[in-house]
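Structure record follows, encoded as structure tokens.
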Amino acid sequence: MQCLTIFNMIKHRTIYLALIICIMSFLYAITGKTEIDPKIQASLKKISTESKKIIEECAACHGLDGNSSMRDTPDLAGQHIDYIIKQLQDIQQSSDPKMPNNRTRKIPVMTGMLNNVNKSNMIEIAHYYANQTQSKRRVSGSKSLAKLGEAIYMGGNTTNNRPPCSGCHGFYGLGLSKMPRLQGLDKQYIIKQLYDFQKNMRTNDITKAMPAIAKKLTPQEIEAVSDYIQGIQNPNKIDQATIISNTLK
Ligand code: HEC
Ligand code: HEC
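Everything in the sequence shown is counted per our numbering, starting at 3 for the first residue and increasing by one.
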């Protein structure tokens, strides 16, 4: 009889536990959904279910709104449509051994992720990210390298024929079309790209400008200019993403 009571208690306990877990996961599921910013939800509604599904996979690293929380993973929010499409094509083509080096960008962690993504999805995805706002406000951390960073970015180097970065990426790093926006990117990501260009690990700049320029930078200069770029602020407070979405409508 006692055994039966204990058995019943255990049985009930398990049911209670199961019920609590069930309620908790239900609450988690609904609160998880309502946490998405309404603005992001609205822009996700504008695109096909197929592209939306892809974006949700990308969110693991790039953030749902293209604001990444990992230092070596670039923000895609506010990046240019043409640049994003080009990178997606280059990354996708890296799994095709017949493609020439200057048309491929190898990103091991993204292997296979774009295999079934077609051009129209790419265009939608690129529009989606370009219209998101970069939410992080990063600052330059190095006072000692600040002058050097600014000199490299704005002035270049006439002795070794190195053009200023601002010549192509713009005074405020806003870029244009296939010229990437650099403003606000994480220093660690920029440093990695400059070394990748320098060491021919990133080969997809068809203009060949970036590998040539990166080869003319010393490790200290790479550190300084990356720190400078991370902290570029846009004094005119023009939101690039707004400009893009306005011109497209
Ligand atoms: C596992 C993490 C991860 C996932 C998932 C992922 N990415 Fe990436 N992505 C990265 C990293 C890391 C880089 C930068 C690699 C490097 O150092 O060059 C990158 C680079 C990119 C770039 C180039 C950006 C630039 O500024 O040059 C684009 C565009 C991009 N990813 C889009 C996507 C899309 C679209 C998806 C979903 C289909 C996706 N990524 C999924 C980690 C990821
Ligand atoms: C002659 C034009 C030109 C100049 C000058 C130039 N860049 Fe670039 N940069 C490019 C182009 C074009 C790309 C995109 C390459 C591609 O298609 O992948 C690029 C890409 C980059 C990227 C990768 C961005 C990303 O999101 O992955 C970084 C970082 C960068 N440049 C930094 C610099 C720095 C720092 C300087 C100055 C020392 C500089 N660039 C000068 C043309 C230029």
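Idealized CB from N, CA, C, for every residue including glycine.
Model, not experiment: these values are computed from the prediction.
Inter-residue Cα distance where the pair is residue i and residue j
i: residue 216; j: residue 142; result: 20 Å
i: residue 64; j: residue 165; result: 31 Å
i: residue 39; j: residue 160; result: 48 Å
i: residue 223; j: residue 182; result: 20 Å
i: residue 48; j: residue 184; result: 27 Å
i: residue 235; j: residue 106; result: 32 Å
i: residue 203; j: residue 104; result: 11 Å
i: residue 132; j: residue 61; result: 15 Å
i: residue 172; j: residue 179; result: 12 Å
i: residue 150; j: residue 115; result: 39 Å
i: residue 221; j: residue 198; result: 13 Å
i: residue 169; j: residue 84; result: 19 Å
i: residue 208; j: residue 56; result: 27 Å
i: residue 53; j: residue 167; result: 34 Å
i: residue 42; j: residue 134; result: 8 Å
i: residue 34; j: residue 77; result: Caution applies to residue 34, whose pLDDT of 46 falls short of 50 and renders its modelled position unreliable; the model cannot decide the point.
i: residue 218; j: residue 162; result: 7 Å
i: residue 139; j: residue 101; result: 38 Å
i: residue 210; j: residue 46; result: 36 Å
i: residue 233; j: residue 176; result: 13 Å
i: residue 98; j: residue 206; result: 14 Å
i: residue 153; j: residue 187; result: 19 Å
i: residue 148; j: residue 196; result: 18 Å
i: residue 67; j: residue 82; result: 15 Å
i: residue 86; j: residue 123; result: 12 Å
i: residue 155; j: residue 174; result: 10 Å
i: residue 95; j: residue 109; result: 11 Å
Closer than 7 Å: residue i CB and nearest ligand 2 heavy atom
i: residue 209; result: yes
i: residue 180; result: yes
i: residue 227; result: yes
i: residue 189; result: no
i: residue 76; result: yes
i: residue 167; result: yes
i: residue 95; result: no
i: residue 82; result: no
i: residue 203; result: no
i: residue 60; result: no
Range covered by the alpha helix (DSSP H) that runs through residue i
i: residue 212; result: 211-216
i: residue 124; result: 121-132
i: residue 64; result: 51-64
i: residue 87; result: 83-95
i: residue 111; result: Neither: residue 111 is in no alpha helix (DSSP H) and is coded neither H nor E.
i: residue 226; result: 221-232
i: residue 42; result: 40-47
i: residue 145; result: 145-152
Any non-hydrogen atom of ligand 1 within 7 Å of residue i CB
i: residue 216; result: no
i: residue 129; result: no
i: residue 64; result: yes
i: residue 112; result: yes
i: residue 136; result: no
i: residue 194; result: yes
Next item on the list: Evaluate the contact criterion for the region 81-96 versus the region 119-131: three or more CB pairs, one atom per stretch, below 8 Å.
Entry: With the cut-off at 8 Å, the region 81-96 and the region 119-131 touch.
Check: Mind pulling the alpha helix (DSSP H) runs of 4 or more residues that sit fully within the region 169-210?
Finding: 189-200
Item checked: Stretch pair the region 105-122 + the region 224-233: three plus CB contacts closer than 8 Å -> Verdict: no, contact absent.
Notebook entry, point to check: Between the region 73-80 and the region 186-198, do at least 3 Cβ pairs fall closer than 8 Å?
Noted result: yes
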